[in-house]
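In my numbering, the protein residues as written are 4 to 181.
Even for Gly, the Cβ is constructed at its ideal location relative to N, Cα and C.
Computed from a prediction, not measured in an experiment: that's the story for all the values here.
Below is one structure; the comments refer to it alone.
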Amino acid sequence: DDMTYADDYVEKVLQAFEQNPKADVIVFNLDEPYAKGRKRYRIPKTKRLNRFNYLRYGCARIAVRLQSIKGNAIYFNQCFGGGTEHAAGEDNLFLTACFDKRLKIVAVPITIATLLEDRESTWGRQYDEKYIKDLGHLYYAMSKRWWKVLCFQAAVRKRKIYQCSPWKAYKMMTDIKK
Numbered sequence: 004d005d006m007t008y009a010d011d012y013v014e015k016v017l018q019a020f021e022q023n024p025k026a027d028v029i030v031f032n033l034d035e036p037y038a039k040g041r042k043r044y045r046i047p048k049t050k051r052l053n054r055f056n057y058l059r060y061g062c063a064r065i066a067v068r069l070q071s072i073k074g075n076a077i078y079f080n081q082c083f084g085g086g087t088e089h090a091a092g093e094d095n096l097f098l099t100a101c102f103d104k105r106l107k108i109v110a111v112p113i114t115i116a117t118l119l120e121d122r123e124s125t126w127g128r129q130y131d132e133k134y135i136k137d138l139g140h141l142y143y144a145m146s147k148r149w150w151k152v153l154c155f156q157a158a159v160r161k162r163k164i165y166q167c168s169p170w171k172a173y174k175m176m177t178d179i180k181k
């Protein structure tokens, strides 16, 4: 209820898979004409995604080859996302699982939908203690080996938006119940 697909989105998605026959997952652009301040990343040209550039893409812009997802037993983690204990991250965990199964993920500069401003977002973009701790849980779920490195990079890279110092943010992210 917060976006409208383009009239020809089905054709756009099918054509993108035809043009990228080895792609298992394709990420598209979304228009957001009413966005204030920070906007979603726009894909400027077709590129293959990797473990260093995939965390910026949300579920609404993802299309998959269903047989690739089912055949690899990939699913959305029901502990993360709107209405769950951890308010965000289901898309990141989904794409992480795709990488773990060595699926090919491609981003294309094709817009398939427009975001609407008809209702208040379910996530108010509050970078508070709960959000920071949820990031710690997300990074732990993504990689038990590298989660503290992911926490550190997030604490440093996003230091201007947190309501605390990078060190305190890192401590909150890593002081979670596993």
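Cβ-Cβ distance between residue i and residue j below 7 Å
i	j	result
I46	V109	no
T99	D34	no
L58	N80	no
K25	K107	yes
V111	A66	no
D27	R68	yes
Counted within 10 angstroms of its Cβ, other Cβ atoms place residue i as buried (16 or more) or exposed
i	result
G84	buried
I164	exposed
W150	buried
Y37	exposed
L138	buried
Y60	buried
D10	exposed
D5	exposed
C62	exposed
Whole-angstrom C-beta distance between residue j and residue i, which should lie under 8 Å
i	j	result
N32	R64	7 Å
A76	I135	Between I135 and A76 the Cβ distance is about 31 Å, and since that is not below 8 Å, they are no contact.
A116	Y44	Actually they do not touch by this definition, with Cβ atoms about 15 Å apart.
M175	E120	Actually they are not in contact, since the Cβ atoms of M175 and E120 sit about 32 Å apart, beyond 8 Å.
Residue interval of the beta strand (DSSP E) (run including residue i)
i	result
N56	Where N56 is concerned, there is no enclosing beta strand (DSSP E), given that its DSSP letter is neither H nor E.
L33	28-34
Y78	Element bounds for Y78: n/a, residue is neither H nor E.
P112	108-118
Y3	This structure gives no information on residue 3, because the portion of the chain shown stretches from 4 to 181.
T7	6-8
Closer than 7 Å to chain C by CB, residue i
i	result
C62	Of the protein chains in this structure there is only one, and it is not chain C.
Boundaries of the alpha helix (DSSP H) in which residue i is found, first to last residue
i	result
E88	That residue, E88, is in no alpha helix (DSSP H); it is neither H nor E in DSSP.
R23	Strictly speaking, residue 23 in this sequence is Asn, with Arg absent from that position. Run containing N23: none; DSSP gives neither H nor E here.
D137	132-145
L156	Note that residue 156 is Gln in the sequence shown, not Leu. Where Q156 is concerned, the enclosing alpha helix (DSSP H) stretches over 150-160.
I74	Here residue 74 is Gly; the residue named in the question, Ile, does not match the sequence. Per DSSP, G74 belongs to the alpha helix (DSSP H) from 69-74.
P169	169-177
D11	Careful: D11 lies outside any alpha helix (DSSP H) and carries neither H nor E.
T99	93-103
Cβ contact (3+ pairs, closer than 8 Å) linking the segment 47-54 and the segment 72-90 = The answer is no - the segment 72-90 does not touch the segment 47-54, with fewer than three Cβ pairs under 8 Å.
Just checking, does the segment 151-166 make contact with the segment 130-143 on the three C-beta pairs under 8 Å criterion?
-> Verdict: yes, contact present.
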